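Beneath this line is the structure, given in structure tokens, with notes to follow.
Protein chains: 2
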Amino acid sequence: MKKRKKIIHQPEKLQIAVDIVIFTIIDDKLKILLIQRATKPFKGKWALPGGHVDINESLEKAAKRELQEETNVKKVYLEQLYTFGDPSRDPRGRVISVTYFALLNKKPAIKSASDAADVRWFNVKEIPSLAFDHNKIVSYALKRLRWKLEYTNIAQRFLPRYFTLTELQRVYEIIFGKKIDKRNFRKKILSLNLIRPSRRKRKMVAHRPPRLWQFVSSKNVILTKRELIF
Amino acid sequence: MKKRKKIIHQPEKLQIAVDIVIFTIIDDKLKILLIQRATKPFKGKWALPGGHVDINESLEKAAKRELQEETNVKKVYLEQLYTFGDPSRDPRGRVISVTYFALLNKKPAIKSASDAADVRWFNVKEIPSLAFDHNKIVSYALKRLRWKLEYTNIAQRFLPRYFTLTELQRVYEIIFGKKIDKRNFRKKILSLNLIRPSRRKRKMVAHRPPRLWQFVSSKNVILTKRELIF
DNA sequence: CCAAAAGTGTTGGTTTTACACCCATGG
DNA sequence: CCATGGGTGTAAAACCAACACTTTTGG
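First to last, the protein sequences are chains S and B.
Heads up: the first sequence begins at 69 in this note's numbering, then just goes up one per residue.
Heads up: the second sequence begins at 69 in this note's numbering, then just goes up one per residue.
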């Protein structure tokens, strides 16, 4: 398994990588996927999944490909985050990293990537010290995620097609990290016309069966000031 | 499976450029700086100022350097916008462009850059068809600028240190493209405690001399929901 | 019938919007 | 004394935050 990687010093060559912050909600906690590096530099350290961009590949395609090397998902929300280009961010040479964040609506099967010693979901509140400048990237991604949750309909990317209002509320509570009043939440979310009720109810629960809802649009919607959620 | 190492012969190498959308307000209009290309491809077309990133130069430094090749300003607000990396965006080969936007608080002297046939300020409402994907970049920059004006204290970057409330209001009006009620604007902006009055007044005007104000912090401040300006 | 989560309204405080007149100066 | 932009308050409407009980199901 040990792969000898030649650490060629290429002071003249500039490289582009993509790194991805993959979020999902597992057991009512917001998690991100990290891989443990099998090779130097930072061997043994946890890092974001990522890799090089092929010469004829768009950045987004590269991000999608890297994502699929770790997980089996195909339908996924991907958004470009920021480009980190400090000349000293990678000890091997000049590597500019275009970062993305991805949102998954369920825990995917994890493949074992070839160059990883291990792969795991980490609670965002328990991120260890990461390789490269990846802690910075994660914190940037988290900020962006919270921000988008407030002013867009991005919450849908964490949910299946049909969901209950309580499940939707929980997405907000988990990501914002605070409790929200149920009545106020419902009043607010319904006034936005982002979601519509389906005729279905969730059956086989030991309590009053909740109605199932769905998002009206699968496109990204930007809310204006007075529509923002908390 | 993923062991595909890209040993494929690379017909071209990947390059990184920065492109900058330079905004300023001139004659009560929002303008951006464009250069007319002197060389192929797109010879004769207008384009954003920009250029290649040196191997040991951070992206922001590269953007600053390019900015100074066109203008004489040094103190300038610069912010990374987005990275455009479509493989076909540049006919010469694979060029990934990291874009920035810059805000100037006054019309700078324009140097004549070596590779430009001409350099001009364009009203954002009258942008011609540009080289490469630069129209897309400009429209993205405009969106971001309007957005930031609403939820940060970025307006200060268009103003000198001391300014009148009417001048500040005009920044908002010009960029949002709509009139704002003077009393409501003042009430709002004062309630935010972003600015403080100086003892000075602007003299030598043929009407009641206005008080001069300054921003409390030259750092970027992010406003929360209830503080947003309109 | 018990446990569990679903579902539902009202009120008081705050924020927003719309709107018109007097003030201080230079010429 | 005129022209010009500077400066100021109020009331009605919309919005937000806080708060508790009844309903429906499975077991």
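Note that beta-carbon positions come from the ideal geometry of N, C-alpha and C, so glycine has one too.
The model shown is predicted, which means the values in this text are computed figures rather than measured ones.
Which residues in the same chain have their Cβ closer than 6 Å to the Cβ of S285 of chain B, if we skip the five residues on either side of it in sequence? none
Span separating the alpha-carbon of H202 of chain S from that of A106 of chain B: 41 Å
What's the C-alpha gap between S207 of chain B and I257 of chain B? 27 Å
Can you tell me which residues form a DSSP beta bridge with W189 of chain S? S:L101
Using a Cβ-Cβ cut-off of 7 Å, state whether P159 of chain B counts as contacting chain S. no
With the cut-off set at 7 Å, would you say A177 of chain S and I90 of chain S are in Cβ contact? no
Against chain B, does K73 of chain S count as a neighbour if the rule is that its beta carbon must be under 7 Å from one of theirs? Because K73 of chain S sits at a pLDDT of 42, beneath the cut-off of 50, its placement in the model cannot be relied upon, and the point is left open.
Taking only beta-carbon atoms, is P155 of chain B less than 7 Å away from chain S? yes
Status (buried if at least 16 other CB within 10 Å, exposed otherwise) for D158 of chain S: buried
Which residues in the same chain have their Cβ closer than 6 Å to the Cβ of E125 of chain S, if we skip the five residues on either side of it in sequence? none
So, is the C-beta of N124 of chain S closer than 7 Å to a C-beta in chain B? yes
Can a CB atom of chain S be found closer than 7 Å to the CB of L127 of chain B? yes
Cutting at 6 Å between CB atoms, please list the residues of its own chain near L227 of chain B, excluding the five before and the five after it. N173
First through last residue of the beta strand (DSSP E) which encompasses Q148 of chain S: 145-152
Should the stretch 210-226 of chain S be regarded as contacting the stretch 286-296 of chain S, the criterion being three or more beta carbon pairs within less than 8 Å? yes
Grab the span of the beta strand (DSSP E) containing I90 of chain B for me, first residue to last. 83-94
Answer yes or no: do A85 of chain S and A199 of chain S have a C-beta to C-beta separation smaller than 7 Å? no
Report the neighbours of Q148 of chain B on chain S: residues whose CB is nearer than 7 Å to its CB, in chain order. Y150, T151
Along chain S, in chain order, which residues have C-beta atoms closer than 8 Å to that of K293 of chain B? E218, K293, L296, F298
With DSSP collapsed to three states, give me the class of R276 of chain S. coil
Contact with chain B by I84 of chain S, beta-carbon distance below 7 Å: yes
Would the stretch 183-192 of chain B and the stretch 245-254 of chain B be scored as touching if the rule is three or more Cβ pairs under 8 Å? no
Does DSSP put F226 of chain S in a helix, a strand or coil? helix
Do F283 of chain S and Q59 of chain S count as a contact pair if the criterion is CB distance below 7 Å? Chain S is shown from 69 up to 298; residue 59 of chain S falls before or after that span and cannot be answered.
Going by the CB atoms, is the gap between I100 of chain B and L135 of chain B shorter than 7 Å? no
Thinking T232 of chain B and R270 of chain B are a contact (beta carbons under 8 Å), I'd like their distance in whole angstroms, please. 6 Å
Comparing C-alpha positions only, which one of B:G119, B:V166, B:L260 sits nearest to D154 of chain S? B:V166
Along chain B, in chain order, which residues have C-beta atoms closer than 7 Å to that of R162 of chain S? I123
Between I123 of chain S and L82 of chain B, how many whole angstroms is the CB-CB distance? I'm expecting something under 8 Å. 6 Å
Simplified DSSP state of A209 of chain B, which is helix, strand or coil: helix
Own chain, CB closer than 7 Å to P277 of chain S, minus 5 neighbours either side, in chain order: K269, R270, K271
Can you give me the C-alpha to C-alpha distance between F110 of chain B and V121 of chain S, rounded to a whole angstrom? 27 Å
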